[in-house]
Amino acid sequence: MIRNFLAALAGLGAILAVVFLALRTPDSARAEMIVKYGGPAVTFAEGAGGMRVHWRDEGCRDCPAIILLHGSNASLHTFEAMIAELAGEYRIITYDQPGHGLTGPHPRDDYSAAGMFEALDAVANAARLDRFYLGGNSMGGWVAWRYALGHPERVEGLILIDAAGAPLREGETAPPLNLGFRLLRNPLLRPLLSQITPRSLVEKSLQDTVADPSIVTDAMVDRYWELLRYPGNRRASAIRADAPREPEYWDRISEITAPTLLLWGAEDKLIYASAAATFDEMLPNADVVIIDNVGHIPMEEAPAASANAIRRFLEGLQPEAVDTLKLEQPQ
Numbered sequence: 133m134i135r136n137f138l139a140a141l142a143g144l145g146a147i148l149a150v151v152f153l154a155l156r157t158p159d160s161a162r163a164e165m166i167v168k169y170g171g172p173a174v175t176f177a178e179g180a181g182g183m184r185v186h187w188r189d190e191g192c193r194d195c196p197a198i199i200l201l202h203g204s205n206a207s208l209h210t211f212e213a214m215i216a217e218l219a220g221e222y223r224i225i226t227y228d229q230p231g232h233g234l235t236g237p238h239p240r241d242d243y244s245a246a247g248m249f250e251a252l253d254a255v256a257n258a259a260r261l262d263r264f265y266l267g268g269n270s271m272g273g274w275v276a277w278r279y280a281l282g283h284p285e286r287v288e289g290l291i292l293i294d295a296a297g298a299p300l301r302e303g304e305t306a307p308p309l310n311l312g313f314r315l316l317r318n319p320l321l322r323p324l325l326s327q328i329t330p331r332s333l334v335e336k337s338l339q340d341t342v343a344d345p346s347i348v349t350d351a352m353v354d355r356y357w358e359l360l361r362y363p364g365n366r367r368a369s370a371i372r373a374d375a376p377r378e379p380e381y382w383d384r385i386s387e388i389t390a391p392t393l394l395l396w397g398a399e400d401k402l403i404y405a406s407a408a409a410t411f412d413e414m415l416p417n418a419d420v421v422i423i424d425n426v427g428h429i430p431m432e433e434a435p436a437a438s439a440n441a442i443r444r445f446l447e448g449l450q451p452e453a454v455d456t457l458k459l460e461q462p463q
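Residue numbers for the sequence shown, in our numbering: 133 to 463.
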C-alpha cells in the first residue's frame, strides 16, 4: 500500500513538473531587451553599490527640468506620449526605477523609499541637476513625495499622478487590486510568479488599470510583459509586494511646502480619485486636476490632457493660481 502511494505521489510529481515546464515563461534576454527598449543611444547612470540606472534626457536642454517616476511594474516608456507634448518647453528626465525596466534589480534588494532614492540621486547627479520639478505616477508618486519630504532643497515642485501613499477616507473601503497585484499579494503564489507569468495575465492587469480597455494595444502589453521578465524584475516585484508601506511618513506630509499638482483619473479603480482630496487636505500648497474618463495611468490614457494640466500648473505657480481645476477628457 505504501509502495502504491509512493508511486502515485511520484506520478503526480512528474505531472506537475511537466505542467510547470509547459507554463514556465523564462526571463527575457537582457541584450535583446536593451536593444529593443533602450534604443541606439541607451544611457545608464552609475549609482551606489554598482547600480546601473537606465535613464533618458529629452526635450529642451536649457528649459526647466522635470524628473518623472513611473509606477509599479511599469517603465520610463509610460511617459513617452506625454513627453512628446511637453518636449518643446521642458527638459524631461525619466528612468527605470530599481526592479523595473532595463535597470533591473536593486543590488541590495532594497525597495524601500530610501532604496529608490539612490536611483533618483544617481540620475539627478548624472543630469547635473541640483533642483528640479519632481513627478511620479502611483508608486512613483509615493517615491516622489517621500523624496520631497526628505530633500526639500532639491525639489522645486511636485507633480503627483494618481499617487500612492494616502490612507483611505473615513467609511471608504479599499479598492480591489488588479489581477497581477492580487496574485503577488498571495504568499503561496508569489514564488510561482517569478517563473510563470502569462502574457494574458499582464494584458488583463493593464485592462483593469485603464478606463478604456481599447487603449491597451499589443505593443503595450508586450512592453510591460517583456520588461517585467527582464532578469531579476519578477523577483523584485515579489519582494516589493511583501515590503512595509512605511505609513508613518504620512503624518509628516504637511511638512512639504513645494507647490504640488495632484493629477488624477476620475475612473481610477486602483487608487480612487478621492485620494486627491486626501492629499489636498494635507498639503499646504496644492492644486487638484481631475481628468474625466481616465483611469490609473493618465499619461498613457490621456497624454495631451495630462500634459496640458502640467503645463498650466508650471506656468501658473503664482499666489493667484486657482486651487482646483476640472478637465474633461475629449470624447
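Every residue gets a Cβ at the ideal spot worked out from N, C-alpha and C, and that includes glycine. Note that this is a predicted model, so its numbers are computed, not measured.
Could you compute how far the alpha carbon of L261 sits from the alpha carbon of E288? Looking at the two C-alpha atoms, the distance is approximately 11 Å.
For N365 versus G233, is the C-beta spacing smaller than 9 Å? Cβ atoms of N365 and G233: closer than 9 Å.
Going by other Cβ atoms of all chains shown within 10 Å of its Cβ, with 16 needed for buried, is G303 buried or exposed? When all chains shown are included, G303 counts as exposed.
Measuring CB to CB, does A280 end up less than 9 Å from S326? The answer is no: Cβ separation not under 9 Å.
What does the alpha-carbon distance come out to for the pair S337 and P239? S337 and P239: Cα-Cα distance of roughly 28 Å.
Between which two residues does the alpha helix (DSSP H) harbouring T410 extend? Where T410 is concerned, the enclosing alpha helix (DSSP H) stretches over 406 to 414.
Work out the CA separation of H209 and G236 for me, nearest whole Å. Rounded to whole angstroms, the gap between the alpha carbons of G236 and H209 is 15 Å.
Does the segment 405 to 423 come within contact of the segment 194 to 202, defined as at least 3 CB pairs closer than 8 Å? Fewer than three pairs of CB atoms, one per stretch, sit closer than 8 Å, so the segment 405 to 423 makes no contact with the segment 194 to 202.
A154 in three-state terms, based on DSSP: At A154, the pLDDT of 42 sits below 50, so the modelled position is not reliable; the number obtained from the coordinates is stated separately. It is helical.
Give the range of the alpha helix (DSSP H) segment to which R278 is assigned. 271 to 282 is the span of the alpha helix (DSSP H), which, as asked, contains R278.
Pull up the distance between the alpha-carbon of A390 and that of I215, whole angstroms please. Their backbone Cα atoms lie some 22 Å apart in a straight line.
Counting C-beta neighbours from all protein chains within 10 Å, is the total for N205 16 or more, i.e. buried, or is it exposed? Buried, since its Cβ has 16 or more Cβ neighbours within 10 Å.
Give the C-beta separation of A441 and L395 to the nearest angstrom, bearing in mind that I take them to be a contact with Cβ-Cβ under 8 Å. Rounded, the Cβ-Cβ distance is 5 Å, consistent with contact.
Please state if the CB of A439 and the CB of V426 are separated by a distance shorter than 9 Å. Their beta carbons are not under 9 Å apart, which means V426 does not touch A439 by this criterion.
Would you be able to state if there are at least three C-beta pairs under 8 Å between the segment 340 to 360 and the segment 245 to 255? Contact fails: fewer than three Cβ-Cβ distances are below 8 Å.
Assumed close pair C192, E221 - CB separation to whole angstroms, cut-off 8 Å: The Cβ separation is near 6 Å, so the contact holds.
How close, in whole Å, do the beta carbons of I388 and W277 come, if the pair is a contact with beta carbons under 8 Å? Between W277 and I388 the Cβ distance is about 6 Å, and since that is below 8 Å, they are a contact.
In the DSSP assignment, the beta strand (DSSP E) including Y227 goes from what residue to what residue? Y227 -> beta strand (DSSP E) spans 223 to 227.
Where do the N-terminal and C-terminal ends of the alpha helix (DSSP H) with I215 fall, by residue? For I215, the enclosing alpha helix (DSSP H) starts and ends at 212 to 218.
Go through its chain and collect everything with a Cβ distance to Y265's Cβ below 6 Å, but skip five positions before and after it. Contacts found: I198, E288, G289.
Reducing DSSP to helix, strand and coil, say where E358 ends up. Under the three-state reduction of DSSP, E358 is assigned to helix.
I need the straight-line Cα distance from R286 to P299, nearest angstrom please. One C-alpha to the other measures close to 26 Å.
Would you check if the distance between the CB atom of V342 and the CB atom of E433 is smaller than 9 Å? A distance below 9 Å separates the beta carbons of V342 and E433.
Under 9 Å between the Cβ atoms of N257 and A306? Not closer than 9 Å, so no.
Distance between E447 and I224 (C-alpha atoms, nearest Å): One C-alpha to the other measures close to 16 Å.
Start-to-end residues for the beta strand (DSSP E) that takes in T341: Where T341 is concerned, there is no enclosing beta strand (DSSP E), although the alpha helix (DSSP H) it sits in stretches over 331 to 341.
Would you kindly check if the distance between the Cβ of A254 and the Cβ of G273 is under 9 Å? No.
Quick check on S346: buried or exposed, where buried means 16 or more other Cβ atoms within 10 Å of its Cβ? For S346, the number of other beta carbons within 10 angstroms of its own is below 16, and it is reported as exposed.
Once you ignore the five residues that flank R367 on each side, which residues in its own chain have a CB closer than 6 Å to its CB? Apart from the 5 residues on each side of it in sequence, R367 sits with its Cβ closer than 6 Å to the Cβ of S326 in its chain, given in chain order.
D242 and V185: beta carbons closer than 9 Å? Taking 9 Å as the Cβ cut-off, D242 and V185 do not qualify as a contacting pair.
What number of angstroms, rounded off, separates the C-alpha of D194 from the C-alpha of A219? Approximately 11 Å between the Cα atoms of the pair.
Which residues bound the alpha helix (DSSP H) around G247? Element bounds for G247: 245 to 258.
Less than 9 Å between the beta carbons of A405 and E399, yes or no? Their beta carbons are under 9 Å apart, which means A405 touches E399 by this criterion.
Bridge-paired residues (DSSP) for E178: DSSP output for E178 lists R184 as bridge partner(s).
Determine which residues share a DSSP beta bridge with E190 and list them. For E190, DSSP records a beta bridge to I224.
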